[in-house]
Structure formats: structure tokens, C-alpha cells
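In this note's numbering, the protein residues as written are 8 to 264.
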Ligand code: PEP
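Right, dumping it as C-alpha cells:
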């Protein structure tokens, strides 16, 4: 099974830096004997040039795909500052990141808002990476199971029928909030426990008997810990933040699959 390695560049870089990063990642992935499915999430304003840069290498087209870090839950209209799903089609943008902890906690996105985004994405036939994860307080109080169950149920509930018809369009990323950008990834045992819980929830909710829905881990993935994490049970790939801003580190992570 091909692993997915996704790069979330967040609000970092400049046009020049990110074009070079894309080129270096593309070249590095080309050299790998075993290639992961790679998804790049640049800041939205750079989707067009990054999309053109990815397409420069036709042979590698299928391996590298483009995603948007955030999306409006509404169709085109009076929503200042937002980007609609329809607009992303103009840039060959396949994936949409929804529910990232920075959107939940810094921009106060509610579970209802996240559910609306999942719903519009499935109505428009897009692929979704839904991020879920517990805070440090939840982790320390042994509430991880409860939080993840609530986040998955609330995000998917409205869209169950559409997701059932197109299970492969959903990817879940388990990202403990306390592990993001801290240099402190979750313990392998905890990753396996939570990924197995997510598997069970997806089985129950969507009848995903064949594990068509992939589950990624995110939170301080680095060249040092990638192999162990990617070899863990029910881990189908990784969502990488900080380390994806270095082509060298990102390729080293991709090499461990
Ligand atoms: C992320 O923001 O999705 C992430 C996993 O970041 P980092 O790899 O820097 O922890």
C-alpha cells in the first residue's frame, strides 16, 4: 500500500522560496526508488505558481498532488477573504485540509463549521484530509478517546451517505495538538491506540470494511522518528509541518516508507 506523505507549509515562505522548495521536493522524490503519494499544501495565494511547478515534471505528475490549507464552507458569494471549493478547481487542487488544530484553536472554528466544510467538500467531490487531535490537558486527563470520538462523529455525521459512496475521498490525520510544532511526537503506543480507535469508528460510521479511508499521523514528524511512526500499526502516512519546509528533511522522511 502506498503511503501518503503530506506537507503543510502553513503561513510560511515566499514565492521564490516555495517554488524552489517544490522543485527540490519534486527532484528528490523522482530519485526515490519507492515513492510515497505526496500532497503539498502551500499558502493559498501561491497555489497557481506551485501547481505550474508541479506540472513541469510530467513523469512525476501522479506522485505529487496539490491541496489547499483551508476552504470556505459556502459557495461563491459575499464572504470576504474566503476561497470557495469551485475556485480551487482552477488550480488542479485535489485535497482540502479541514479541522487543523490551528484553525480550531487560533481561529476558533467550531465543530459545526468543520462539519459544514466536510459536507460541501463531499458535495463537490473533493478529497478531504480531516485533522483531529486532543490537547495536552485532554491527553493528561486520559480524555483522548472521548475527544477523538466526538471530533470524528461531529465532522462526519452530516456527510455519511456521501462519504460511504466515496470512501477513498476521505483521509483522517490524527494530530495531537501538543505534538504539533513542539519537537515532541506522540509515543508509538499512543499513536497505535488512537489510530485503531479511529479505524473502529470509521468501521462503525461508514462501514469501512476494507480500510479504504487512510489514517495519517501528524505532530513533530522528523527524519529521526519517521520510520518508527510510519511502520506503526494502522499508520498509512504522515502529515508534516515544520520538517516539510526543508526539502532535505522532507525527502528523508519520504525515504523511510
Ligand atoms: C501540522 O501542522 O500539521 C504539523 C504536523 O506540524 P509539525 O510537523 O511541525 O508538528
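Cβ coordinates follow ideal geometry from the N, Cα and C atoms, glycine included. None of these values were measured; they are calculated from a predicted model.
Query: Ligand 1 heavy atom lying under 6 Å from the CB of residue 246; Result: yes
Query: Any non-hydrogen atom of ligand 1 within 6 Å of residue 15 CB; Result: yes
Query: Whole alpha helix (DSSP H) elements within the segment 155-240, 4-residue minimum; Result: 167-172, 195-213 and 233-237
Query: Under 7 Å between C-beta atoms of residue 193 and residue 186; Result: yes
Query: Beta carbon of residue 174 nearer than 7 Å to that of residue 219; Result: yes
Query: The segment 202-222 touching the segment 249-256, judged by at least three CB pairs closer than 8 Å; Result: no
Query: Reference residue 113, options 14, 225, 73 and 184, closest by Cα; Result: 184
Query: Residue-chain proximity (residue 164, chain C), Cβ-Cβ < 7 Å; Result: The question asks about chain C, but that chain is absent: this structure has only one protein chain.
Query: Runs of beta strand (DSSP E) lying entirely within the segment 40-110, each at least 3 residues, in chain order; Result: 44-48, 71-75 and 100-105
Query: The beta strand (DSSP E) enclosing residue 134, as first and last residue numbers; Result: 134-139
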